[in-house]
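20 is the number of the first residue of the sequence shown in the numbering used here; add one for each residue after it.
A virtual CB, placed ideally from N, CA and C, is assigned to each residue, including glycine.
Quick caveat: nothing in here was measured; it's all calculated off a predicted structure.
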Amino acid sequence: MIELQSDELSFAFPELLEQLRSRIRVWVDERLECASEDAKDRLPSAREEIHRTFAACLPRISAAVSFQRTLRLPDNGKNYPMPLGLGRFEIYPVDEFAGVPEPWRERGGVMLPLHKTEAVWLNFFADYPMALRVGMGGVCAVSGEPWGGTLKATPQNYLVLGHQPWLDGLHARPEVVRQFVARPQGRGLMSAHALSGEERWGGLQLQAFPLRAEEFWRQVLRGKLDDRWDELMTPIRNRQADLAPKPAEPSTWTVKTGGQLRLKIMDDLYGVETWDTAHSSRCFAHLCLAEDWQRLTGIRTPQRPPTAADYQAAGVSWADLEEGKSAADSDSILADVIAASAPGSRPPLASSASRSPLAPRSILRLNPDLRQLVREF
Numbered sequence: 020m021i022e023l024q025s026d027e028l029s030f031a032f033p034e035l036l037e038q039l040r041s042r043i044r045v046w047v048d049e050r051l052e053c054a055s056e057d058a059k060d061r062l063p064s065a066r067e068e069i070h071r072t073f074a075a076c077l078p079r080i081s082a083a084v085s086f087q088r089t090l091r092l093p094d095n096g097k098n099y100p101m102p103l104g105l106g107r108f109e110i111y112p113v114d115e116f117a118g119v120p121e122p123w124r125e126r127g128g129v130m131l132p133l134h135k136t137e138a139v140w141l142n143f144f145a146d147y148p149m150a151l152r153v154g155m156g157g158v159c160a161v162s163g164e165p166w167g168g169t170l171k172a173t174p175q176n177y178l179v180l181g182h183q184p185w186l187d188g189l190h191a192r193p194e195v196v197r198q199f200v201a202r203p204q205g206r207g208l209m210s211a212h213a214l215s216g217e218e219r220w221g222g223l224q225l226q227a228f229p230l231r232a233e234e235f236w237r238q239v240l241r242g243k244l245d246d247r248w249d250e251l252m253t254p255i256r257n258r259q260a261d262l263a264p265k266p267a268e269p270s271t272w273t274v275k276t277g278g279q280l281r282l283k284i285m286d287d288l289y290g291v292e293t294w295d296t297a298h299s300s301r302c303f304a305h306l307c308l309a310e311d312w313q314r315l316t317g318i319r320t321p322q323r324p325p326t327a328a329d330y331q332a333a334g335v336s337w338a339d340l341e342e343g344k345s346a347a348d349s350d351s352i353l354a355d356v357i358a359a360s361a362p363g364s365r366p367p368l369a370s371s372a373s374r375s376p377l378a379p380r381s382i383l384r385l386n387p388d389l390r391q392l393v394r395e396f
């Protein structure tokens with residue numbers, strides 16, 4: 020199950036939650052069978068309340084991905100400091116809009132607008148360990164190999180959510196990635212095309228696999244239950260509360276070099292065989308150039324484009340940006356897609372200079388925290 024809430028994609032597996040709840044109940048009943056009367060006196064009187072006490076050790080079986088804005092860096096071989104984050108992209112389910120290309124309707128998922136001077140990086144949060152595969156243009160963003168349907172340990176072609184904090188782009192060579200940007204499809208301009216020679220899919224593919232319930236029980240949950248039992252068996256006056264905040268992990272292992280990003284992929288400490296490949300969720304995130312966004316949705320692009328001041332603050336000049344991009348980058352990312360998906364119904368998109376703007380309308384988001392189901396592929 021995939022949900023959209025507060026501009027985050029949440030991958031959840033409620034069926035695993037029920038499996039783990041059942042195991043907790045069995046564990047509690049077995050403990051009570053051999054517990055002393057003194058131990059039982061330290062617990063709630065009702066067995067159902069005891070079950071709820073230990074069920075609280077079980078986290079949500081979910082992990083979240085948010086799409087973060089940043090500056091698009093020139094790919095010109097020069098060195099630049101790491102660009103600043105500009106906040107989250109607003110993302111929308113594809114099914115909200117009737118005018119999207121047919122391939123998008125077939126695959127479902129979500130869509131988000133990018134200006135030509137913007138790039139995307141992915142930020143992760145996990146309540147429960149998950150392996151996440153990320154693809155772009157038929158290429159695995161983690162390994163740089165062609166996209167396939169299975170998890171591989173060598174080279175590792177997935178991220179471990181719960182350990183990997185973010186991903187800045189598509190793997191180009193060992194520890195070097197290129198930014199996720201919106202570019203015209205079918206013209207050899209996407210980052211993935213340079214690696215695979217073809218562009219099978221536009222946008223990003225995200226596929227999540229949860230840790231097997233038995234592995235989570237063995238490696239994580241059983242230890243938490245033991246600790247909770249020991250805590251309840253210890254008199255309150257003897258408990259030591261560790262209130263000192265834990266120091267944050269250093270985040271200096273991602274650096275910028277040569278117009279590209281260098282990123283360390285965290286090793287899988289669980290093991291490739293521990294992921295539940297029988298349960299997975301896959302979602303497409305369609306990247307749309309801002310000038311096409313208004314034509315397809317009837318609403319203005321939510322965010323303003325980065326300005327010269329933004330680039331100056333990041334140590335990048337407009338001249339460097341122009342130097343690092345192809346002249347064909349000015350084409351529309353959707354011109355060929357729209358023309359092919361609705362032949363004869365409308366002419367191909369004209370250049371942005373000659374296109375008359377569509378009168379904007381607004382989608383009123385009364386509660387951006389409201390959960391929406393996202394159609395999987």
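Identity of the residue in Ser299, Cys307, Thr316, Leu170 nearest Phe396 by Cα: Your numbering for residue 396 matches position 377 in the sequence shown. The option with the nearest alpha carbon to Phe396 is Ser299.
Rounded to whole angstroms, what is the Cα-Cα separation between Pro93 and Thr326? Counting from one through the sequence shown, the residue named residue 93 turns up at place 74. Counting from one through the sequence shown, the residue named residue 326 turns up at place 307. Their Cα atoms are separated by approximately 15 Å.
Could you pull out every residue in the same chain whose Cβ sits closer than 6 Å to the Cβ of Leu288, ignoring the five residues on either side in sequence? Taking the first residue of the sequence shown as position 1, residue 288 is located at position 269. For Leu288, where only same-chain residues beyond five positions count, there are no Cβ hits under 6 Å.
Pairwise C-alpha distance: Ala65 and Met252: Taking the sequence shown and counting its residues from 1, the one referred to as residue 252 is at position 233. Taking the sequence shown and counting its residues from 1, the one referred to as residue 65 is at position 46. Their backbone Cα atoms lie some 17 Å apart in a straight line.
Report the rounded CA-to-CA distance for Ser29 versus Arg91, giving the unit in angstroms. Here residue 29 is taken as the residue at index 10 of the sequence shown, counted from 1. Here residue 91 is taken as the residue at index 72 of the sequence shown, counted from 1. The straight-line gap from Cα to Cα measures roughly 26 Å.
Identify every residue that forms a DSSP beta bridge with Trp140. Against the sequence shown, residue 140 aligns to sequence position 121. Trp140 is bridged to Gln87.
For Arg79, count neighbouring Cβ atoms within 10 angstroms of its own Cβ and tell me buried if that reaches 16, exposed if not. In the sequence shown, residue 79 corresponds to position 60, counting from 1. It is exposed - the Cβ of Arg79 has fewer than 16 other Cβ atoms within 10 Å.
Output the distance between the C-alpha atoms of Glu217 and Asp246, rounded to the nearest integer angstrom. For the purposes of this step, residue 217 is taken as residue 198 along the sequence shown, with counting starting at 1. For the purposes of this step, residue 246 is taken as residue 227 along the sequence shown, with counting starting at 1. For Glu217, the pLDDT reaches just 40, beneath the cut-off of 50, and the residue's location in the model is therefore unreliable, although a value from the coordinates is still provided. Cα-Cα distance, rounded: 53 Å.
Kindly indicate which three-state DSSP category Cys53 falls into: helix, strand or coil? Taking the sequence shown and counting its residues from 1, one reaches residue 53 at position 34. Helix.
Tell me where the alpha helix (DSSP H) around Gln331 begins and ends. For this step, residue 331 is matched to residue 312 along the sequence shown. Here the alpha helix (DSSP H) through Gln331 covers 327-332.
Give a yes or no on whether the C-beta atoms belonging to Leu189 and Phe143 are separated by under 7 Å. Counting from 1 along the sequence shown, the entry for residue 189 is found at position 170. Counting from 1 along the sequence shown, the entry for residue 143 is found at position 124. For Leu189 and Phe143, no; Cβs fall outside 7 Å.
Where Val45 falls, given that 16 or more other Cβ within 10 Å makes a residue buried: Stepping through the sequence shown from its first residue, residue 45 is reached at position 26. With fewer than 16 Cβ atoms within 10 Å of its Cβ, Val45 is classed as exposed.
Would you call the region 48-63 and the region 105-117 in contact, with 3 or more CB pairs under 8 Å? no
Three-state secondary structure assigned by DSSP to Glu395: Residue 395 sits at position 376 when you count from the first residue of the sequence shown. In the structure shown, Glu395 sits in coil (DSSP, three-state: anything other than H, G, I, E or B).
To which residues of the same chain is Val335 closer than 8 Å at the C-beta, ignoring the five residues directly before and after it? Taking the first residue of the sequence shown as 1, we reach residue 335 at position 316. Hits under 8 Å: Leu90, Leu92, Pro93, Tyr99, Pro102.
Throw me the rounded Cβ distance for the Gly154 and Ala160 pair, which I believe falls under 8 Å. Counting from 1 along the sequence shown, the entry for residue 154 is found at position 135. Counting from 1 along the sequence shown, the entry for residue 160 is found at position 141. So it is a contact: roughly 6 Å between Cβ atoms.
When the Cα atoms are used, what is the spatial distance from Leu244 to Gln331? For this step, residue 244 is matched to residue 225 along the sequence shown. For this step, residue 331 is matched to residue 312 along the sequence shown. Rounded to whole angstroms, Leu244 to Gln331 spans 53 Å at the Cα level.
Same chain, Cβ closer than 8 Å to Leu186, neighbours up to 5 away in sequence not counted: Position 167 of the sequence shown, counted from the first residue, corresponds to residue 186. Hits under 8 Å: Trp140, Leu141, Phe143, Val153, Ala160, Val161, Leu178, Val196, Leu282.
As a quick exercise: from Asp48, Arg42, Thr296, Phe86, pick the residue whose alpha carbon is nearest that of His305. Taking the sequence shown and counting its residues from 1, one reaches residue 305 at position 286. It is Phe86.
If I measure Cβ to Cβ from Ala74 and keep anything under 7 Å in the same chain, skipping five residues before and after, which residues do I get? Here residue 74 refers to the residue found at position 55 when the sequence shown is read from its first residue. For Ala74, where only same-chain residues beyond five positions count, the Cβ hits under 7 Å are Arg40, Ile43.
Is it the case that the Cβ atoms of Arg301 and Gln24 are separated by a distance below 7 Å? On the sequence shown, position 282 is the one that residue 301 refers to. On the sequence shown, position 5 is the one that residue 24 refers to. Going by C-beta atoms, Arg301 is not nearer than 7 Å to Gln24.
By how many angstroms is the C-alpha of Thr316 removed from the C-alpha of Phe116? As a first step, residue 116 is located in the sequence shown; it is residue number 97 there, counting from the start. As a first step, residue 316 is located in the sequence shown; it is residue number 297 there, counting from the start. Between Phe116 and Thr316, the C-alpha separation is close to 6 Å.
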